[in-house]
Structures are given as structure tokens and as C-alpha cells.
Amino acid sequence: MTQHIYNGVGFNGFKLDSSLTARSSAASLKTTMRHLMSKLGLHATLFALLLSLVCWTQLAWSQDAPILAADYPDRYTVIDGDTLWGISSRFLRDPWRWPEVWQGNPQVENPDLIYPGDVLLMSFIDGKATVRSLRREVVKLLPTARAEDYSEAIPPIDPAAIQAYLNAPLVTDEEELLKAAYIVEGFDSRLLLGRYNKFYARGITDLEAKEYRVFRPGRHFKDPVTGESLGFEAKHLGDAKMLTVSDPSKLIITKSLEDITIRDRLRPVRVKEALPFFYPSAPLDSSVTGVILETPNRSTELGALSVIAINLGEREQMRPGDVLRIFSHSRTRDDPMTGEEYSTPEERVGLALIFRTFAKVSYAIITDSERQVLPGDILRSPEYEKPLVSALGASE
214 MTQHIYNGVG FNGFKLDSSL TARSSAASLK TTMRHLMSKL GLHATLFALL
264 LSLVCWTQLA WSQDAPILAA DYPDRYTVID GDTLWGISSR FLRDPWRWPE
314 VWQGNPQVEN PDLIYPGDVL LMSFIDGKAT VRSLRREVVK LLPTARAEDY
364 SEAIPPIDPA AIQAYLNAPL VTDEEELLKA AYIVEGFDSR LLLGRYNKFY
414 ARGITDLEAK EYRVFRPGRH FKDPVTGESL GFEAKHLGDA KMLTVSDPSK
464 LIITKSLEDI TIRDRLRPVR VKEALPFFYP SAPLDSSVTG VILETPNRST
514 ELGALSVIAI NLGEREQMRP GDVLRIFSHS RTRDDPMTGE EYSTPEERVG
564 LALIFRTFAK VSYAIITDSE RQVLPGDILR SPEYEKPLVS ALGASE
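Per the working numbering, the sequence shown starts with residue 214, numbered consecutively.
This is the structure we're talking about:
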């Protein structure tokens with residue numbers, strides 16, 4: 214009796230490979246059916262065709278459709294100016310799923326970094342999409358590992374869009390504000406201080422710090438739903454350098470963004486903060502929900518590349534690299550015909566990528582927007598499962 218076995222063993226010796234990609238399955242299926250027709254006859258071939266179509270359809274939707282971009286490249290050469298977000302968007306429909314497809318190179322010191330000149334290859338292993346790198350030449354460190362200059366690696370997102378928010382402003386709580394050192398007097402009784410002006414400060418506790426950020430308590434972030442205090446924005450006014458540690462200590466302003474005056478606060482800076490490396494990824498908690506508080510510059514015109522403050526922080530397990538979907542919040546309207554009130558549905562309007570976290574607040578950048586984003590709009594994990602209406606009108 215002829216044996217017909219699916220998945221790895223073919224019909225009468227013809228193999229139906231379950232690792233075929235959605236792109237290559239159609240051509241492979243056509244060739245296989247031609248052989249089956251000549252060997253098995255019409256009825257067996259129809260059965261094989263039906264089974265293969267089921268297999269191919271399941272494979273296409275379960276493997277490629279949910280994750281791969283429609284026009285993903287088989288091969289891509291990384292160039293200067295590329296970002297990890299941009300590259301993951303080339304290959305994936307859902308960029309936050311990059312960790313699922315990326316195959317690091319164990320022959321380099323940090324296999325997660327990607328450099329200009331690297332060639333990225335898309336392949337499929339057991340039906341699973343995989344992206345790997347043909348790494349450019351590097352300096353040998355050990356027989357099993359190589360060293361590379363991290364500063365040359367492509368960044369997660371465009372540093373120019375968020376550089377101003379890496380060192381400042383910062384978000385702090387009331388207790389930290391009360392403990393911060395503060396300016397008591399300018400030299401020659403100056404009330405307004407600028408670059409190269411010297412001043413006295415009290416409350417210095419870090420006797421080793423040489424560089425300081427000068428800041429002023431700014432907006433008080435409150436949760437719009439619960440009213441909870443989420444922290445105070447510390448507005449960056451400039452930088453200062455320690456001259457003499459005493460009580461009061463003497464410092465000089467090295468950078469001035471705005472006029473500085475008495476009662477402004479000081480925060481020690483040990484190391485210049487840089488853009489951390491991170492993967493785009495979904496939040497640890499798929500049920501997490503938050504809202505957009507506002508933008509650091511108080512703008513109400515929000516779109517792609519706008520920086521936003523949100524009411525989710527380290528307490529909610531937020532991490533740099535976490536991606537959130539943005540939904541327009543439901544609004545109450547009056548029916549123009551009946552006068553009755555109705556509520557507009559939530560609609561998907563974009564994506565936001567977290568790049569800096571604090572205890573109860575995070576900063577994120579809007580990476581994609583289908584229409585204007587507003588303070589008060591809702592944030593959810595991209596893996597949130599509740600069906601919602603797309604801003605383009607399609608039911609999700």
C-alpha cells in the first residue's frame with residue numbers, strides 16, 4: 214500500500230517541506246503537484262493538493278503574516294544613518310518583535326550590535342523567520358570573540374531626536390527636590406546668572422562630584438485618572454563646575470540655557486549620559502495601560518518624532534525599548550440629529566517607543582502616527598488583545 218505521510222515525508226517519496234516560506238511555497242507546491250499527477254493519479258493528487266494548501270495557508274498566516282513586512286528584503290546592507298527601529302521596520306510588520314527574528318553573531322564581543330557595512334540576511338529555519346548578519350571585518354580580540362567600537366554601532370533610534378532628553382530634563386519626586394543642593398547667592402550680589410558667572414551654593418553632599426546640572430522645579434505630573442502625584446519635572450537651566458567645596462561651596466556656570474537665579478537646584482553629574490542600547494520590544498506586562506500626560510515642550514501638535522511624557526514608569530516594569538500603541542481616547546459627542554450623547558470609539562493612531570524611564574513616568578518618542586496625537590490619548594501594549602477599530606476604518 215502506498216504510504217502518505219505529511220510533514221517531512223512526501224507522497225510516494227515526494228517531500229512536502231514544512232519549512233517552506235510563504236513566498237516560496239507556491240512555486241514549490243506547483244512543482245510538487247506536477248510530479249504527483251504523473252505518479253499518483255487524479256484522486257490522490259487532489260487529496261495531496263488539499264492537504265498541501267491547508268499546510269501552506271497555515272504556514273503563511275502563522276509564520277509570515279503576523280510578523281514580516283509585506284516587502285521585506287532578502288538581503289540588506291546597513292548604511293550610516295540607519296537605526297535599529299528603521300531596520301526592524303524594513304523586515305517586520307511589527308518592529309517590536311525584532312528579538313524573535315534576530316540571530317546574534319557569537320563571534321563578536323557584543324552580538325546584538327549592528328554596524329554600517331554589515332549585510333543582513335533573511336532566512337527561514339523550520340518555518341521561522343531569522344535575520345542574521347554577515348559581519349564586516351573587525352579586530353581580533355580572542356580566538357572566540359572579536360572587539361568592536363560600540364560608538365560606531367547603529368543606534369536604536371535617531372539620537373538627534375531625543376538627545377536633549379537624555380541628560381535633562383529629569384523627573385524627580387518632592388523628597389529629592391527638598392534634598393537637592395541650591396544656589397544661595399551670586400558673586401557681587403548678582404540676582405541673574407549666566408555663563409562664566411560664579412555663585413555660592415549650599416546643601417552639597419557629594420564631595421567628589423565636579424560637574425553639576427542646574428535645574429528648576431517645573432511641572433507637577435499627576436495621574437489624570439487617579440490624581441496620584443507622579444513626580445516633578447526638573448527643568449534644565451544649565452551646567453556648573455565645582456571650584457571650592459565648603460559651606461557654602463563655590464561654583465562657576467559653564468553653560469546657560471536660561472537665566473539662573475537663587476533657589477535654583479543642583480544635581481551632580483558623574484558621567485555624561487548617552488543613548489542606551491536597546492531592542493524594540495513589547496512591554497513585559499501585555500495588559501499595561503497608560504495615557505499621554507503631555508509633551509516636555511507643552512506642544513499640542515503631536516506627530517511622528519514628537520517626544521511625550523507618559524504615566525507609566527519603572528513601577529510598571531517599563532524599559533527603554535518598550536513599544537506602546539497609541540489609541541485616541543473616547544470622547545462624548547452630541548448627535549446632530551437627535552441631540553443624544555454618544556461616545557466615539559477608541560482608534561489606533563500610532564506607536565510610541567520608550568527611551569527613558571523614571572519611577573512613575575517615562576519619556577517616549579512617537580515613531581509612527583496616522584493622525585494627530587493628543588495629550589490624554591491611551592497607551593497599550595501592542596500585544597493587547599481587545600478588538601478595536603483602526604483609525605483607517607478597519608476592524609482590528
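Virtual Cβ for every residue (Gly too), placed ideally from N, Cα, C. Values in this document were obtained by computation on a predicted structure and should not be read as measured data.
In this structure, does DSSP put residue 536 in helix, strand or coil?
Residue 536: strand per DSSP, three-state reduction.
When the Cα atoms are used, what is the spatial distance from residue 497 to residue 530?
Approximately 7 Å, taken between the alpha carbons.
Residues in the same chain with beta-carbon distance under 6 Å from residue 462, minus the five sequence neighbours each way, listed in chain order, please.
Result list for residue 462: 414 and 417, in chain order.
Whose C-alpha, out of 569, 572, 571 and 541, is nearest the C-alpha of residue 558?
For the residues 569, 572, 571 and 541, the minimum Cα distance to residue 558 belongs to 541.
Can you name, in chain order, every residue of its own chain whose Cβ lies under 6 Å from the Cβ of residue 482, other than the five neighbours on each side?
Once the five neighbours on either side are set aside, the close Cβ partners of residue 482 are 424 and 426.
What residue from 281, 332, 371 and 342 has the CA that sits closest to residue 491's CA?
Closest by alpha carbon: 371.
Just the Cα atoms here: how many angstroms apart are residue 554 and residue 560?
Spanning the two alpha carbons is a distance of roughly 19 Å.
Distance check for residue 590 and residue 576, CA to CA, integer angstroms please.
Roughly 15 Å separates the two Cα atoms.
Just the Cα atoms here: how many angstroms apart are residue 340 and residue 579?
When rounded, the distance between both Cα atoms is 33 Å.
How do the region 463 to 475 and the region 384 to 399 stand: do at least 3 beta-carbon pairs fall below 8 Å, yes or no?
They touch, by the three-pair rule.
Just mark residue 360 as buried or exposed, buried being the case when its beta carbon has 16 or more other beta carbons within 10 Å.
Because residue 360 sits at a pLDDT of 48, beneath the cut-off of 50, its placement in the model cannot be relied upon, and the following sentence gives the value as read from the coordinates. Per the 10 Å Cβ criterion, exposed.
If contacts are defined as beta-carbon pairs under 8 Å, then residue 460 and residue 429 qualify, I think. What distance do you get, rounded to the angstrom?
Actually they do not touch by this definition, with Cβ atoms about 22 Å apart.
For residue 309, which residues from the same chain have a beta carbon less than 7 Å from its beta carbon, with the 5 sequence-adjacent residues on both sides left out?
Closer than 7 Å at Cβ, skipping near neighbours: 493, 494, 495, 536 and 595.
Below 8 Å on the Cβ atoms is my contact criterion, and I expect residue 533 with residue 570 to pass it. Report the Cβ-Cβ distance as a whole number of Å.
With a Cβ gap of about 6 Å, residue 533 and residue 570 count as contacting.
For residue 466, which of 410, 440, 433 and 518 has the nearest alpha-carbon?
Nearest of 410, 440, 433 and 518 to residue 466, Cα basis: 410.
Which same chain residues end up closer than 6 Å to residue 290 when comparing Cβ atoms and leaving out the 5 residues on each side of it in sequence?
Excluding residues within five positions, the ones whose Cβ falls inside 6 Å are 332.
Among residues of its own chain, excluding the 5 on either side of residue 545, which ones have a beta-carbon nearer than 7 Å to its beta-carbon?
Closer than 7 Å at the Cβ level, and outside the excluded window around residue 545, lie 554 and 556.
What does DSSP give as the partner residues of residue 581 in its beta bridges?
Note: residue 581 sits in a beta bridge opposite 564.
Are there 16 or more other CB atoms within 10 angstroms of the CB of residue 505, so buried, or fewer, so exposed?
The residue in question, residue 505, is buried, as its Cβ has 16 or more Cβ neighbours within 10 Å.
With distances taken from CA atoms, which of 286, 547, 593 and 552 is nearest residue 334?
When only C-alpha atoms are compared, the closest one is 286.
Measuring straight from C-alpha to C-alpha, what distance separates residue 401 and residue 412?
C-alpha separation (whole angstroms): 9 Å.
Spell out the partners DSSP gives residue 430 in its beta bridges.
According to DSSP, which records beta bridges pairwise, residue 430 is partnered with 447.
Is it buried or exposed for residue 603, if we count other Cβ within 10 angstroms and need 16 for buried?
In this prediction, residue 603 scores a pLDDT of 40, lower than 50, which makes its location untrustworthy; the coordinate-derived value is nonetheless stated afterwards. By the neighbour-count rule (16 or more Cβ atoms within 10 Å), residue 603 is not buried but exposed.
Assuming the contact rule is C-beta atoms closer than 8 Å, residue 280 and residue 303 should be a hit. Round their C-beta distance to whole Å, please.
Wrong, their Cβ atoms sit about 13 Å apart, outside the cutoff.
Measuring alpha carbon to alpha carbon, tell me which residue in 345, 439, 564 and 452 is nearest residue 520.
Nearest option by C-alpha distance: 564.
For residue 566, is the classification buried or exposed, using 16 other Cβ atoms within 10 angstroms of its Cβ as the cut-off for buried?
Label assigned to residue 566: buried.
Taking DSSP as the reference, what is the three-state secondary structure of residue 258?
Note that residue 258 has pLDDT 48, beneath the 50 cutoff, so the model's placement of it is unreliable and the number below is only indicative. The answer is helix: DSSP assigns residue 258 an H, G or I state.
The beta strand (DSSP E) that contains residue 397, what's its start and end?
Its beta strand (DSSP E) spans residues 394 to 399.
With distances taken from CA atoms, which of 524, 518, 592 and 419 is nearest residue 374?
Measuring from the Cα of residue 374, the nearest candidate turns out to be 518.
Would you check if the distance between the CB atom of residue 293 and the CB atom of residue 324 is smaller than 8 Å?
No, the pair does not count as a contact, with Cβ atoms beyond the cut-off.
Beta-carbon within less than 6 Å of residue 316's beta-carbon, same chain only, minus the 5 sequence neighbours each way: which residues are those?
Counting only Cβ-Cβ distances below 6 Å, and skipping sequence neighbours, we find 343 and 345.
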